[in-house]
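S.K.: The structure follows.
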DNA sequence: GCACTTATTATGAGTGCTTCACAATAAGGC
DNA sequence: GCCTTATTGTGAAGCACTCATAATAAGTGC
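Chains as they are written, first to last, in the working numbering: chain A, 566 to 728; chain B, 566 to 728.
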């Protein structure tokens with residue numbers, strides 16, 4: 566696995582290069598996102614508080630937004646879910662979400678750089694200059710598929726569900 | 566353009582076939598979405614109230630959710646924006662949003678049926694059975710591009726902006 | 001056409017996620 | 001170590017949406 570100290574130093578220099586101060590709150594948030602990819606703000610807060618109990622939810626929101634703007638974090642908003650954050654940035658990868666349990670998996674970008682797809686404009690629309698193409702895959706994960714096979718009486722489908 | 570009466574009759578029979586009653590509220594919402602594609606619930610409410618002033622916001626939310634579940638409407642959730650609705654369903658088309666003004670354009674599906682893309686799973690992730698691939702294109706529309714050329718002193722960029 | 005049953009809508013309050021305004025704190029340059 | 005200003009904490013507010021319940025009206029049978 567990655568070396569904690571190395572991560573911290575890399576983050577510190579990245580923060581410096583963006584003119585940001587290196588605070589324990591920012592480092593705690595970055596470490597929490599690193600170790601809990603695809604987590605919502607609330608989950609980041611809980612994880613970061615293990616190292617820094619006095620951290621507040623509002624600080625987490627501020628830090629997450631700022632670091633996302635700086636491209637040090639990436640925000641991802643699945644339908645019917647709060648925003649999720651990850652440290653994997655700059656590779657334009659995509660996401661697959663399970664419509665049954667909400668689990669998120671990374672999917673490599675087929676092309677490897679943005680935009681990875683070129684739109685086919687229909688005749689009535691005005692073309693835009695595309696910068697990014699985000700692909701959201703929706704399906705059923707292996708675990709949920711297995712659960713759906715068994716239950717004849719039990720019927721324990723969707724834990725979070727699509728609502 | 567489309568014939569209003571024909572639309573109404575088509576919607577009425579579709580509602581019947583789903584076991585729903587044909588109410589003026591549902592027809593007003595459908596007509597409002599038809600004439601204002603990519604509008605949020607609030608916009609649908611405003612449009613529908615021109616025909617049906619006593620319609621309430623809560624009813625619009627209920628009707629939109631129900632019709633979306635029935636696949637008579639499609640819901641689309643751009644980042645930092647409330648959900649948008651459209652009557653174009655069943656063709657798995659995609660969307661392009663302008664990051665400057667928020668304008669939305671339809672983009673035909675590259676392949677024409679869902680899923681239109683097959684993910685390349687990275688070695689650490691557990692593959693899912695994919696049912697839908699939604700592509701979200703983000704870029705700058707022609708109008709905003711034109712605005713960004715001119716202003717040297719004026720600097721009137723982003724009206725809604727990415728925040 | 002008229003009453004009746006039940007889906008649908010209106011009313012009003014409430015929830016989750018996120019942001020805002022301002023005061024308290026602390027990072028980094030001198 | 002001190003000072004300036006970014007950053008964080010505190011408390012409240014906002015938006016989009018949902019929930020619970022009562023009032024209304026669509027569609028059915030007579």
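Even glycine gets a Cβ: it sits at the ideal position worked out from N, Cα and C.
Just the C-alpha distance for residue 669 (chain B) and residue 660 (chain B), rounded to the nearest angstrom, thanks.
M.R.: Taking the straight line joining both Cα atoms gives about 7 Å.
S.K.: Check whether chain B comes within 8 Å of residue 632 (chain A), counting only Cβ atoms and requiring the distance to be less than that.
M.R.: By this cut-off, residue 632 (chain A) is not an interface position.
S.K.: If you measure beta-carbon to beta-carbon, which residues of the region 697–708 of chain B are closer than 7 Å to chain A?
M.R.: The residues in question are 697, 698, 699, 700, 701, 702, 703, 704, 705, 706 and 707.
S.K.: Measure the C-alpha to C-alpha separation of residue 723 (chain A) and residue 586 (chain A) and round it to an integer number of angstroms.
M.R.: Confidence is the limiting factor: at residue 723 (chain A) the pLDDT is only 39, short of 50, which leaves the residue's position unreliable and the question unanswerable from this model.
S.K.: Classify residue 694 (chain B) as helix, strand or coil using the three-state DSSP reduction.
M.R.: Residue 694 (chain B): strand per DSSP, three-state reduction.
S.K.: In the DSSP assignment, the alpha helix (DSSP H) including residue 631 (chain A) goes from what residue to what residue?
M.R.: Residue 631 (chain A) -> alpha helix (DSSP H) spans 622–634.
S.K.: Does any residue of chain A bring its CB to less than 8 Å from the CB of residue 616 (chain B)?
M.R.: No, residue 616 (chain B) lies away from the interface with chain A (no Cβ there is under 8 Å from its Cβ).
S.K.: Enumerate in chain order the residues of its own chain whose CB-to-CB distance from residue 664 (chain A) is below 8 Å, with the five nearest sequence positions on each side excluded.
M.R.: Once the five neighbours on either side are set aside, the close Cβ partners of residue 664 (chain A) are 703, 704, 705 and 727.
S.K.: Is it the case that the Cβ atoms of residue 649 (chain A) and residue 638 (chain A) are separated by a distance below 8 Å?
M.R.: Against a cut-off of 8 Å, the Cβ pair of residue 638 (chain A) and residue 649 (chain A) comes out as no contact.
S.K.: How is the beta strand (DSSP E) around residue 671 (chain A) delimited, first residue to last?
M.R.: Residues 669–673.
S.K.: Measuring only the C-alpha atoms, how far is residue 711 (chain B) from residue 579 (chain B)?
M.R.: Distance between the alpha carbons of residue 711 (chain B) and residue 579 (chain B) is about 43 Å.
S.K.: Which residues in chain A sit within 7 Å of residue 661 (chain B), going by Cβ to Cβ distance?
M.R.: Those are 684, 693 and 695, listed as they occur along chain A.
S.K.: Would a C-beta distance cut-off of 8 Å place residue 700 (chain B) and residue 654 (chain A) closer than the cut-off?
M.R.: No, the Cβ-Cβ distance between residue 700 (chain B) and residue 654 (chain A) is not below 8 Å.
S.K.: What does DSSP give as the partner residues of residue 700 (chain B) in its beta bridges?
M.R.: The partner list for residue 700 (chain B) (beta bridge, DSSP) reads A:700.
S.K.: Anything in chain B within Cβ reach of residue 675 (chain A), meaning under 8 Å, just list it in chain order.
M.R.: What residue 675 (chain A) touches in chain B: 682 and 685.
S.K.: Quick check on residue 648 (chain B): does DSSP put it in helix, strand or coil?
M.R.: Coil at residue 648 (chain B), not helix or strand.
S.K.: Tell me the rounded alpha-carbon separation between residue 621 (chain B) and residue 627 (chain B).
M.R.: Rounded to whole angstroms, residue 621 (chain B) to residue 627 (chain B) spans 10 Å at the Cα level.
S.K.: Considering just the uninterrupted stretch of the beta strand (DSSP E) at residue 661 (chain B), what are its terminal residues?
M.R.: Looking at the DSSP string, the run of the beta strand (DSSP E) that includes residue 661 (chain B) is 659–663.
S.K.: Taking residue 671 (chain B) as the query, report the chain A residues whose CB atoms sit under 7 Å from its CB, ordered along the chain.
M.R.: What residue 671 (chain B) touches in chain A: 687 and 690.
S.K.: Just to confirm the assignment, what range does the beta strand (DSSP E) spanning residue 640 (chain A) have?
M.R.: First-last of the beta strand (DSSP E) with residue 640 (chain A): 639–641.
S.K.: As an exercise, report each continuous alpha helix (DSSP H) stretch of at least 4 residues that is fully enclosed by the region 569–604 of chain A, in chain order.
M.R.: Here the runs fully enclosed are 569–582 and 589–600.
S.K.: Taking the alpha carbon of residue 688 (chain A) as the reference point, which residue from B:673, B:685, B:690 and B:593 has its own alpha carbon closest?
M.R.: Cα-wise, what sits closest to residue 688 (chain A) is B:673.
S.K.: Would you mind sorting residue 606 (chain B) into buried or exposed? The rule is 16 or more other CB atoms within 10 Å of its CB.
M.R.: Its Cβ being crowded by 16 or more others within 10 Å, residue 606 (chain B) is buried.
S.K.: Exposed or buried, which one is residue 594 (chain B) when buried takes at least 16 other CB atoms within 10 Å?
M.R.: Buried: at least 16 other Cβ atoms inside 10 Å.
S.K.: Out of curiosity, what's the CA-to-CA distance linking residue 523 (chain A) and residue 603 (chain B)?
M.R.: Nothing can be reported for residue 523 (chain A), as the shown portion of chain A is limited to 566 through 728.
S.K.: Just to check my reading of the structure: residue 652 (chain B) and residue 599 (chain B) have Cβ atoms closer than 8 Å, yes? What is that Cβ distance to the nearest angstrom?
M.R.: About 5 Å; that satisfies the 8 Å criterion.
S.K.: Could you list which residues in chain B have their beta carbon closer than 7 Å to that of residue 710 (chain A), in chain order?
M.R.: What residue 710 (chain A) touches in chain B: 694.
S.K.: With a threshold of 16 other CB atoms inside 10 Å of the CB of residue 575 (chain B), please say whether the residue is buried or exposed.
M.R.: Residue 575 (chain B) comes out exposed.
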